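The structure appears right after this line, and notes come after that.
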Amino acid sequence: MEVSPGLVVERPSLVCKLNKSLYGLKQVIKQWYEKLTEALYSRGYTHSMLDYSLFYKKAEGSVVFAAVYVDDVLVTDPSYYRKLIGKLNFLTNTRLDIAYSVQHLSQFMQSPREPHLKVAYHVLRYLKGDPTLGIFLTNNADYTVKAFCDSDWATCP
Numbered sequence: 001m002e003v004s005p006g007l008v009v010e011r012p013s014l015v016c017k018l019n020k021s022l023y024g025l026k027q028v029i030k031q032w033y034e035k036l037t038e039a040l041y042s043r044g045y046t047h048s049m050l051d052y053s054l055f056y057k058k059a060e061g062s063v064v065f066a067a068v069y070v071d072d073v074l075v076t077d078p079s080y081y082r083k084l085i086g087k088l089n090f091l092t093n094t095r096l097d098i099a100y101s102v103q104h105l106s107q108f109m110q111s112p113r114e115p116h117l118k119v120a121y122h123v124l125r126y127l128k129g130d131p132t133l134g135i136f137l138t139n140n141a142d143y144t145v146k147a148f149c150d151s152d153w154a155t156c157p
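Counting in the UniProt record's numbering, the sequence shown runs from 1 upward without gaps.
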């Protein structure tokens, strides 16, 4: 390691001690993992006995998993997806235009993946884009029911 430009060293035989890690050094991985582990422990996560890089937390009847690989962290909780699809399913009572999408998304309730959540977010963006669509009842007191029927079933014998 070299001294930074502009820094005057009076005694070149001395060594500098690093107080923090520098990106690219071998020690960075270990120190980052220790800091991450400490942060996860402080939030109630526990190490998995099956995988050294897997943490889990039991809360409110569900389990949240955090998988750590090098410097990537993946946190999963299927109950979030289930709640979101349940709310969208309720919304199909007044927004019939999303019924097919929500029905298709509800097939993945058992084990949702990231692409399913992205599609659910896409449905939410669609709903936000035009909130005026849907079934709206006016405050007019004159409700007239109109019905149409094909009594001969399109001349089918």
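All residues carry an ideal CB built from backbone N, CA and C; glycine is no exception. Note that the structure is a prediction, hence the values are computed from the model and not measured.
Cβ pair residue i, residue j closer than 8 Å
i    : j    : result
S106 : N89  : yes
I135 : M109 : no
S53  : Y41  : no
Y143 : H116 : no
L133 : D97  : yes
R95  : L127 : yes
S48  : F55  : yes
Minimum C-alpha distance to residue i - residue among the options
i    : options              : result
E114 : N139, N19, P78       : P78
L22  : W32, V15, L14        : W32
K57  : A67, L50, D51, Y45   : Y45
C16  : L36, R43, V3, T37    : V3
S101 : V119, K146, T138, V8 : V119
Y121 : T138, L18, K87       : K87
A39  : A66, N140, P5        : A66
R43  : A59, V28, K30, I29   : A59
K20  : V9, K35, S13         : K35
P131 : L91, L7, V28         : L91
8 Å Cβ cutoff, residue i in contact with chain B
i   : result
I29 : Looking for chain B here will not work: only one protein chain is present.
What ranges does the alpha helix (DSSP H) occupy inside the UniProt domain "Reverse transcriptase Ty1/copia-type" (5-77), keeping only unbroken runs of at least 4 residues that lie completely in it? 27-42
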